[in-house]
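Residues 30 to 347 in the working numbering are what the sequence shown lists, from first letter to last.
Glycine included, C-beta positions come from ideal geometry on N, C-alpha and C.
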Amino acid sequence: MPGDHGPELSDDPLTAADGLGRATQPPPPEPDVSRSPTPQWRGWLVPVGAVAAAILALGAQDFATDQPPPPEPAPAAVRVIVPAGRVELIVRDGDLVEASGSVEDGELCAPGPVGSDTCPFGIRVPGVKPTGGATLRGRWHQGWLSDIQRMPYAPTSAGTLADFDLPDTPPCPAPAGGWRDGEDRSDDQVHEYLHAHPDQFAAPFATHVGNARILVVEVVSGDVDQARAALTAIYTDNLCVVAAPGGHSIAAENRLQATTGEAVGALMDEDLGIYTASSEDGKLRVNMVQLTQPLYDRFAAIGLDHLILDPWIRPAGP
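Here's what the structure looks like:
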């Protein structure tokens with residue numbers, strides 16, 4: 030089985046593609062894999078609940094901007110892996126696993142948010158020198174890897190900070206005179222109106238055409254023409270109002286955050302290696318270092334139907 034035998038591990042990241050081997054150093058003392066993140070990230074779950082206000086303030090930008098620097102060498106392609114399930118993602122002692130990230134001071138760093146500590150979530154990888162990007166396969170133990178095998182560097186989408194899937198252009202045709210150039214962000218009146226009718230609207234977002242910023246409002250229930258008329262009466266800047274029947278409403282998001290969000294936030298406070306949680310399609314995507322059986326049981330108690338479990342350390346494929 031790959032990872033059980035091989036030549037000495039290459040410390041040179043440029044030879045990562047063919048330098049397969051095993052780390053032979055003895056295991057270090059068990060580290061704390063969930064070294065406390067900075068306070069602003071521990072509360073990252075909270076602004077997700079106020080997604081409408083945050084998107085209005087940020088336009089089409091992502092919420093999470095403090096991400097680790099681009100790894101070196103850059104991969105030719107990124108393998109997109111969507112969590113296929115839950116139970117099969119559980120990692121147990123001795124399992125063959127794989128993960129990608131930067132290596133700092135003998136630690137492989139998870140792609141979580143960083144602050145003053147550039148590697149707040151990581152695992153010990155004896156014998157691997159610092160590098161901007163590495164894909165490692167090895168035997169999982171609590172907080173470290175043995176039998177380490179360096180693979181061709183190929184980071185995946187698994188365990189990365191969530192991106193908001195917003196369209197590059199508005200889903201509305203331009204008005205007769207075209208979109209007006211400008212970055213006017215005085216959206217307070219729209220924000221107040223939407224939150225006064227939370228069952229009717231989804232959280233708004235902004236997109237751009239050239240220098241023009243367009244505010245997009247999705248109507249998830251009710252008459253879209255009536256909603257457009259009401260909004261254009263109070264908002265004179267670029268506005269796109271479209272029907273999105275059955276979409277995730279502001280009211281539904283508020284309920285999600287008040288129930289599942291609160292429960293996940295409590296787990297984050299326990300330093301269990303969970304580094305972000307973000308709303309996605311009416312569920313919470315939870316990013317964590319690894320999914321253990323005890324942590325899985327905690328999520329099951331919250332309700333798996335409302336969660337997307339997205340661990341960084343994953344059972345290795347064939």
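Of the choices I263, A330, A280, whose alpha-carbon is the least far from that of A295? What you label residue 295 is simply residue 266 of the sequence shown in a count that begins at 1. Among I263, A330, A280, the Cα nearest to that of A295 is on A330.
Alpha carbon to alpha carbon, what distance is there between C148 and A128? By one-based count along the sequence shown, residue 128 stands at place 99. By one-based count along the sequence shown, residue 148 stands at place 119. Answer to the nearest angstrom: the Cα atoms are 15 Å apart.
Beta carbon of N267, beta carbon of R327: below 8 Å? Taking the sequence shown and counting its residues from 1, the one referred to as residue 267 is at position 238. Taking the sequence shown and counting its residues from 1, the one referred to as residue 327 is at position 298. Cβ distance not < 8 Å, so N267 and R327 don't count as in contact.
Through-space distance from N240 to L338, alpha-carbon basis: Position 309 of the sequence shown, counting from 1, holds the residue named residue 338. Position 211 of the sequence shown, counting from 1, holds the residue named residue 240. Cα-Cα distance, rounded: 38 Å.
Between the segment 219 to 227 and the segment 244 to 261, do at least 3 Cβ pairs fall closer than 8 Å? yes
Please look up how many angstroms separate the CB atoms of V120 and Q286, rounded, as I've assumed it's under 8 Å. Your numbering for residue 120 matches position 91 in the sequence shown. Your numbering for residue 286 matches position 257 in the sequence shown. In this structure, V120 and Q286 do not form a Cβ contact; the two beta carbons are roughly 28 Å apart against a cut-off of 8 Å.
Check the DSSP bridge columns for Q178 and list the partner residues they point to. Taking the first residue of the sequence shown as position 1, residue 178 is located at position 149. In DSSP, Q178 forms a bridge with R166.
Comparing C-alpha positions only, which one of D217, G311, V270 sits nearest to A281? Counted from its first residue, the sequence shown places residue 281 at position 252. Closest by alpha carbon: G311.
Using the beta-carbon count (16 or more within 10 Å), is A205 buried or exposed? As a first step, residue 205 must be located in the sequence shown, where it is residue number 176. Exposed, since its Cβ has fewer than 16 Cβ neighbours within 10 Å.
According to DSSP, simplified to helix, strand and coil, what is A231? Residue numbering aside, residue 231 sits at position 202 when the sequence shown is read from its first letter. Of the three classes helix, strand and coil, the one that applies to A231 here is strand, per DSSP.
With DSSP collapsed to three states, give me the class of L320. Within the sequence shown, numbered from 1, the residue matching residue 320 stands at position 291. In this structure, L320 counts as strand in the three-state DSSP scheme.
Please confirm whether T288 and L313 have their CB atoms less than 8 Å apart. Here residue 288 refers to the residue found at position 259 when the sequence shown is read from its first residue. Here residue 313 refers to the residue found at position 284 when the sequence shown is read from its first residue. Contact: no.
Which same chain residues, not among the five before or five after C269, have their C-beta less than 6 Å away from its C-beta? Sequence index remark: in the sequence shown, residue 269 carries index 240 (1-based). P199, C201, I243, V245.
Please classify P184: is it buried, with 16 or more other beta-carbons within 10 angstroms of its beta-carbon, or exposed? Taking the sequence shown and counting its residues from 1, one reaches residue 184 at position 155. By the neighbour-count rule (16 or more Cβ atoms within 10 Å), P184 is buried.
When you compare only the Cα positions, how much space is there between Y182 and S145? Counted from its first residue, the sequence shown places residue 182 at position 153. Counted from its first residue, the sequence shown places residue 145 at position 116. If you take the alpha carbons of Y182 and S145, they lie about 26 Å apart.
Tell me, please, which residues DSSP counts as bridged to D339. Position 310 of the sequence shown, counted from the start, is the residue given in the question as residue 339. In DSSP, D339 forms a bridge with N316.
Would you tell me roughly how many angstroms separate the C-alpha atoms of S175 and Y325, rounded to the nearest one? Position 146 of the sequence shown, counted from the first residue, corresponds to residue 175. Position 296 of the sequence shown, counted from the first residue, corresponds to residue 325. Across the structure, S175 and Y325 are spaced so that their CA atoms are roughly 24 Å apart.
Buried versus exposed, by CB contacts within 10 Å (16 or more), P159: Here residue 159 refers to the residue found at position 130 of the sequence shown. With fewer than 16 other Cβ atoms inside 10 Å of its own Cβ, P159 counts as exposed.
Relative to the alpha-carbon of P308, which residue among I279, T321, L301 has its alpha-carbon at the smallest distance? Looking up residue 308 in the sequence shown gives position 279. For clarity, residue 308 is Ser in the given sequence; the question names Pro instead. Among I279, T321, L301, the Cα nearest to that of S308 is on I279.
Could you tell me whether the Cβ atoms of G156 and S131 are closer together than 8 Å? As a position in the sequence shown, residue 156 is number 127, starting the count at 1. As a position in the sequence shown, residue 131 is number 102, starting the count at 1. Result no, Cβ atoms of G156 and S131 do not sit closer than 8 Å.
Spatial neighbours of P227 within its chain, please: C-beta separation below 8 Å, excluding the five flanking residues on both sides. Sequence index remark: in the sequence shown, residue 227 carries index 198 (1-based). If we look at P227 and ignore the five residues flanking it on each side, its Cβ neighbours are S278, I279, A280, N283.
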